[in-house]
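Student: To start, I am sharing the structure in question, which I have written as C-alpha cells.
Residue numbers (the working numbering), protein chains in the order written: chain D, 1 to 454; chain R, 1001 to 1454.
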C-alpha cells in the first residue's frame, strides 16, 4: 500500500470509547468507517484512539487531540443511559460548557421509549424516566442530532477559539452512520471543516496481478509524464483483488482520466472495475439483466460459494441452488459426477470440476453451472496437489466454458474464501462472453498451477 | 456489557502505526489481540491508538502514553525496509537512545533475504542490502527479537526512570503474534510488568437469554452473598450468544466456582459451556467421538450452514454434504420435499423445515439431517412470516427430532448468520440426547414466534 498526502489538510481525530473495544472483545468498526467518510470530504483522520469508560482517559485523549491541532474530533459510544456512559459529560468539561436539560429532547426520547416500555412491562418506569433525563442533558450551545436508536448525538463547537469542534455519536454502527450524515449537515460542522478541500474519490479494481505490478505501473506512468503528484493514490490488496483508490481536487479530473487509460492499456485483462463496483455487484447486475441463472456444486469451499451468491437481496432471481459435495459418494450421487472420472483423475481435478459444474447446472436447471474442488487443508495435500490447490469450472448452457486450476495462498479459511473470489471472477468472465481467459488472470498473487479450457 | 476493574493494575498503551489502518482501508487486528494478551498477564490496556506514518504523530502518541502513566507501550507496524517505516527511529528518539548497527542482526536478515532474492532475480541487490542495513539499525541497549518475517522486533527499556518500556513489533499478525511471545520472555519485559498480578481467566457461554438476564443474575448473586468484588466479570453478546469472561486472582478461585454453580442453577438450559469451548467446538468433538454424520438442506441461510460446519479442519469426517435449495422446485427436486407440504404450509414453515432435514439425511446417508427455511429479507416478509422468521429442524436417524421457529433480529446478513447459530445449538442439543428443548433456549435476545416438536 502506498499513499501520497497533502500537507495542509484539515485534520481530525476519532475517539472510540468502550471497554468492549479496548479489551478486544469486540472489534471497532466505527473508526475505519469514520476515517473513510472524513477522507471523502477532504478531512484527514490523523489519529484514531480507543479508550475505556474512565472519564480521565477520555478527557486526556480529547486534550491530546486538541493539542495536536485537530480541527474536528469525532467520538463514538458512551451515550447510553447508564452511569458508565460519560461521553457527553466529559465533552462538556472539555469544551468548558455547562450541562443543561433540553426539554424538547427529553420528550423526544420519552416518545421513543414508549413502545419499548410497553413491550417489557416489568421494567421500572421511574428508572427509565431518570435514564431518559440523563440522555437529555447536553452541553449548552450544542446542536442536537435526533436519535436513531434512543441516544441523541451532538455537535459541540468550541467555547472560544476556532477548534476543535466535537461531534458526539452513539456506538452502534446502525445509529452512528445515519447520524454522521445528520452531523455533516449542521452549521457547526460546516464551520469546523470550512478549510477542507472538496475532493473527488474514485476506485479502480483489478484482479489477477500482484500489488507490486501496480506500483510499477504507477512509476512508469509518472516517468512518461502523467503528473501523478496531482492525485492521492492508495493501492491495497483486498480479498485477492487490488483496489486503487484515488482522491483528487476537481481540476485534476483530466489527469485521473489519463491515469485510468494508462492502467487500462497496461492491464486490459485484469482491470475489471472503473467505477468502484465489486465483482459481486457486476455479476449480480449481469445476471438480473440477462435472465440467466446459476447453480453451484462445490467441495473445497464447503457452501461458501452458494453463501456468497445469495448474499445480496434479490439473489433468488438468479441463484437456483447449490450442492456441497464433500465426499466422493456425494459428488457422484448429488452432482452426477462419473465415478470413473474420480478414479482416473482424482476428486481434485479440472475434470471433476467440469463434471461438478455440469451436474449443478443440470440438477437445478440453471443456465450456468459452477464447480469447485480443491484442497483447503491443513491436511489432504500431496506433492502434486498441495494445500491450496483448487480446480474451478464455470460452464454455460450455450457450450461456453472456463476451467482453471490454481494454487491459493494462506491457511484453510484464506483458501476457502479466496476460492470464492476466483470463482466469481471466472463467472464474470463467462458472463461477459469470454470462453477463455488470460493466464495472468488467475495469478491473484499466486502461481498458476495448471489450466485447461474446452 | 459490564466490567469491574482493579484500580492499581499495571497500565499499557497499544500504538498501531500504518496509513492503511488509519484510513480505514484495512481493519486493525493487532490492537484487540494485544489487548487480550495483556489482560491475560494482568496488564490493563488503557488505550489503543492508531496513527499514520508521520513521525511527529508517532512521537506525540508515545509521549502522550508516557505522560498518562503507561508502564508498557506496545507498537505494531512501521518496521519494513522502506523510508515510510519509521517506528524504530522514532522509538530511539523517544527513549533518548542512539541508533547503532547490530552486525549479528544484519547478517541474520541477509540470510532470510537470500531465498527471496533468488526467487525474484530482477531485484536490485544493492537496494536490498541497503534496506537490510536499515532494518539492522536499532536503539542501543534494546533486546532484539529475531524476525519471523524479515523485520526484527525490539524490547526497548527506558534510558532512565522505570517507565515506559517499549515493545516494538511488526504489523503482520502472523509475525506479531509469535514475536509477542518472544518479547514476553525477555528480561526487559519482565522488569516492565513486574508489578502485574497473575490472573486466572475463565469463560462461560450461554445461549438463548438476553444480556439483561445475566446482569440480573449477577445482581442477585451479589445480594445473596457471593463476593463478586473479588472477580472482574465482563459480559458480552456475541453472535447471539452471551459470553461471561471472568478474570480473578488465584485465591478467588472458590468464589468463581460458587458463581459458576449459581449461574448453572439459574440458567440450566442456557449455560452450554463452562470451559470457554464454543458451540462449534462442542458439536465437532461430539460428532468425531460418536461417529455420527450430518447433512444440511438449507434455503434462507444460502450455504452458510454448510460453510460453518466445514470451517474446521477434519470436518469431512462428519460432514457428508449439503444442498442449498432456494426455489420451491429445488426443495422438491433436491431435498425431496413433498410439494403438497409447500402448498399447504408454505415454503417457510416448520413442516418444510422437517422435510428438508429428512431429505438431507436420506440424500447423503447421514445419521442427522438439518433443515433451515426462512425469510432473510429485506423482501419476502408477510405479517404472518415477517423478515427474520426462520424455521429449523434437526432430525436423527434414531427418530429423535427438534423443530423450532423463531424470529431473528437485524438485517439480511445478521439473519443469515444468526440462523446458523440457532441451528448449531439445536444440533448440540440433539447430540446431547435431548429431543425437546426449553422455550427459553430459542429467545437469543429474540421472541419465540412459534414452535413445534415431534
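Each residue gets a CB set at the ideal place from its N, CA and C atoms; glycine is no exception.
Bear in mind that the values here come from a model prediction, so they are computed numbers and not experimental data.
Would you say residue 35 of chain D faces chain R, with C-beta separation under 8 angstroms as the test?
Tutor: Taking the first residue of the first chain as 1, we reach residue 35 of chain D at position 35. Closer than 8 angstroms: yes.
Student: Name, in chain order, the residues that DSSP records as bridge partners for residue 1139 of chain R.
Tutor: Locating residue 1139 of chain R in the second chain gives position 139, where the first residue counts as 1. Beta-bridge analysis with DSSP links residue 1139 of chain R to R/1099.
Student: Using a Cβ-Cβ distance under 8 angstroms, would residue 1355 of chain R count as near chain D?
Tutor: The residue given as residue 1355 of chain R occupies position 355 in the second chain. It does not; no Cβ of chain D falls within 8 angstroms.
Student: Can you list the residues of chain D that residue 1049 of chain R reaches, using a CB-CB cut of under 8 angstroms?
Tutor: Indexing the second chain from 1 puts residue 1049 of chain R at position 49. Those within 8 angstroms of residue 1049 of chain R in chain D are 47, 48, 49, 50.
Student: Just curious, the beta strand (DSSP E) that residue 455 of chain D is in, first and last residue?
Tutor: There is no way to answer for residue 455 of chain D, as the model of chain D reaches only from 1 to 454.
Student: For the alpha helix (DSSP H) holding residue 1177 of chain R, just list the boundary residues, first then last.
Tutor: As a working mapping, residue 1177 of chain R is identified with position 177 in the second chain. Where residue 1177 of chain R is concerned, the enclosing alpha helix (DSSP H) stretches over 1173-1184.
Student: Leaving out five residues on either side along the sequence, give the residues of the same chain with a beta carbon under 7 angstroms from the beta carbon of residue 190 of chain D.
Tutor: In the first chain, counting from the first residue as 1, residue 190 of chain D sits at position 190. Cβ neighbours of residue 190 of chain D beyond the five flanking positions: none.
Student: Identify every run of the alpha helix (DSSP H) within the stretch 1042-1076 of chain R, keeping only runs that are complete inside it and at least 4 residues long; order them along the chain.
Tutor: 1055-1067
Student: For chain D, find out if any of its Cβ atoms is closer than 8 angstroms to the Cβ of residue 1373 of chain R; answer yes or no.
Tutor: Walking along the second chain from the start, residue 1373 of chain R turns up at place 373. So no, residue 1373 of chain R is outside the interface.
Student: Given that a residue counts as buried once 16 or more other Cβ atoms are within 10 Å of its Cβ, and exposed if not, what is residue 296 of chain D?
Tutor: Mapped onto the first chain, residue 296 of chain D falls at position 296. With 16 or more Cβ atoms within 10 Å of its Cβ, residue 296 of chain D is classed as buried.
Student: So, is the C-beta of residue 236 of chain D closer than 8 angstroms to a C-beta in chain R?
Tutor: Residue numbering aside, residue 236 of chain D sits at position 236 when the first chain is read from its first letter. Yes, its Cβ sits closer than 8 angstroms to a Cβ of chain R.
Student: Please specify which runs of the alpha helix (DSSP H), each continuous and at least 4 residues long, are wholly inside the stretch 1265-1294 of chain R, giving them in chain order.
Tutor: Inside the stretch 1265-1294 of chain R, DSSP marks whole alpha helix (DSSP H) runs of 4 or more residues at positions 1279-1290, from first to last along the chain.
Student: Quick one: give me the first and last residue of the alpha helix (DSSP H) that residue 1245 of chain R is part of.
Tutor: Your numbering for residue 1245 of chain R matches position 245 in the second chain. Looking at the DSSP string, residue 1245 of chain R is not in any alpha helix (DSSP H); the run it does join, the beta strand (DSSP E), is 1241-1248.
Student: Enumerate in chain order the residues of its own chain whose CB-to-CB distance from residue 1258 of chain R is below 6 angstroms, with the five nearest sequence positions on each side excluded.
Tutor: What you label residue 1258 of chain R is simply residue 258 of the second chain in a count that begins at 1. Once the five neighbours on either side are set aside, the close Cβ partners of residue 1258 of chain R are 1226.
Student: Give a yes or no on whether the C-beta atoms belonging to residue 1317 of chain R and residue 1288 of chain R are separated by under 8 angstroms.
Tutor: If you number the second chain from 1, residue 1317 of chain R lands on position 317. If you number the second chain from 1, residue 1288 of chain R lands on position 288. Pairing residue 1317 of chain R with residue 1288 of chain R gives a Cβ-Cβ distance under 8 angstroms.
Student: I need the straight-line Cα distance from residue 247 of chain D to residue 44 of chain D, nearest angstrom please.
Tutor: The residue given as residue 247 of chain D occupies position 247 in the first chain. The residue given as residue 44 of chain D occupies position 44 in the first chain. Using only the alpha carbons, I get a separation of about 12 angstroms.
Student: Please name the residue or residues paired with residue 310 of chain D in a DSSP beta bridge.
Tutor: Locating residue 310 of chain D in the first chain gives position 310, counting from the first residue. Answer is none; residue 310 of chain D lacks a bridge partner.
Student: For residue 1134 of chain R, count the other beta carbons within 10 Å of its own beta carbon; 16 or more makes it buried, fewer makes it exposed. Which is it?
Tutor: If you number the second chain from 1, residue 1134 of chain R lands on position 134. Buried: at least 16 other Cβ atoms inside 10 Å.
Student: Using the beta-carbon of each residue, which ones in chain R are nearer than 7 angstroms to residue 325 of chain D?
Tutor: Translated into positions along the first chain, residue 325 of chain D becomes position 325. Taking a Cβ-Cβ threshold of 7 angstroms, the residues of chain R close to residue 325 of chain D are 1321, in chain order.
Student: List, in order along the chain, the chain R residues whose C-beta lies closer than 8 angstroms to that of residue 342 of chain D?
Tutor: Numbered from its first residue, the first chain carries residue 342 of chain D at position 342. Within 8 angstroms Cβ-Cβ: nothing; residue 342 of chain D doesn't reach chain R, min ~15 angstroms.
Student: For the beta strand (DSSP E) that residue 1237 of chain R lies in, which residues bound it at each end?
Tutor: Counted from its first residue, the second chain places residue 1237 of chain R at position 237. From DSSP, the beta strand (DSSP E) with residue 1237 of chain R extends over 1231-1238.
Student: By the criterion of Cβ-Cβ separation under 7 angstroms, what are the contact partners of residue 1022 of chain R in chain D?
Tutor: The count along the second chain starts at 1 and reaches residue 1022 of chain R at position 22. Per Cβ cutoff of 7 angstroms: 35, 45, 48.
Student: Taking residue 1136 of chain R as the reference, give the member of R/1125, R/1154, R/1126, R/1124 with the closest Cα.
Tutor: Mapped onto the second chain, residue 1136 of chain R falls at position 136. Closest by alpha carbon: R/1154.
Student: Who pairs with residue 145 of chain D in a beta bridge, going by DSSP?
Tutor: Translated into the one-based positions of the first chain, residue 145 of chain D becomes position 145. Residue 145 of chain D is bridged to D/153.
Student: Determine the direct distance from the alpha carbon of residue 1414 of chain R to that of residue 1387 of chain R, and round the result to whole angstroms.
Tutor: In the second chain, the residue the question calls residue 1387 of chain R occupies position 387. In the second chain, the residue the question calls residue 1414 of chain R occupies position 414. Residue 1387 of chain R and residue 1414 of chain R: Cα-Cα distance of roughly 11 angstroms.
Student: Once the 5 residues before and after residue 1428 of chain R are set aside, which same chain residues still bring their CB inside 8 angstroms of it?
Tutor: Counted from its first residue, the second chain places residue 1428 of chain R at position 428. Excluding sequence neighbours, residue 1428 of chain R sits near 1272, 1279, 1282, 1283, 1286.
Student: Who are residue 1456 of chain R's beta bridge partners in DSSP?
Tutor: There is no way to answer for residue 1456 of chain R, as the model of chain R reaches only from 1001 to 1454.
Student: Could you work out which residues of chain C lie near residue 379 of chain D, taking near to mean beta carbons separated by less than 8 angstroms?
Tutor: Considering every chain present, this structure includes no chain C. Its protein chains are D and R.
Student: How many angstroms separate the CA atom of residue 443 of chain D from the CA atom of residue 418 of chain D?
Tutor: Your numbering for residue 443 of chain D matches position 443 in the first chain. Your numbering for residue 418 of chain D matches position 418 in the first chain. Legend: pLDDT at residue 443 of chain D = 41, less than 50; position of this residue unreliable, value from coordinates given subsequently. Rounded to the nearest angstrom, the two C-alpha atoms are 12 angstroms apart.
Student: Could you check the C-alpha separation between residue 1291 of chain R and residue 1361 of chain R for me, to the nearest Å?
Tutor: Residue mapping note: residue 1291 of chain R aligns to position 291 of the second chain, counting from 1. Residue mapping note: residue 1361 of chain R aligns to position 361 of the second chain, counting from 1. Residue 1361 of chain R has its alpha-carbon roughly 15 angstroms from the corresponding atom of residue 1291 of chain R.
Student: For residue 1363 of chain R, return the contacting residues in chain D, with the cut-off set at a CB-CB distance below 7 angstroms.
Tutor: One-based indexing of the second chain puts residue 1363 of chain R at position 363. What residue 1363 of chain R touches in chain D: 334.
Student: Since residue 362 of chain D is in the alpha helix (DSSP H), which residue starts that stretch and which ends it?
Tutor: In the first chain, residue 362 of chain D corresponds to position 362, counting from 1. Element bounds for residue 362 of chain D: 350-364.
Student: Taking all protein chains shown into account, do 16 or more other C-beta atoms lie within 10 angstroms of the C-beta of residue 1308 of chain R, making it buried, or fewer, making it exposed?
Tutor: To locate residue 1308 of chain R, count along the second chain from 1; it is residue 308. When all chains shown are included, residue 1308 of chain R counts as buried.
Student: Counting only C-beta atoms, is residue 976 of chain R closer than 8 angstroms to chain D at any point?
Tutor: An answer regarding residue 976 of chain R cannot be provided, because it is not within the stretch 1001 to 1454 covered by chain R.
Student: Using a Cβ-Cβ cutoff of 7 angstroms, what residues of the stretch 1062-1075 of chain R are near chain D? List them in chain order.
Tutor: 1064, 1068
Student: I want to verify the contact list: residues of chain D whose CB lies under 9 angstroms from the CB of residue 1039 of chain R, in sequence order.
Tutor: Translated into positions along the second chain, residue 1039 of chain R becomes position 39. In chain order: 23, 24.
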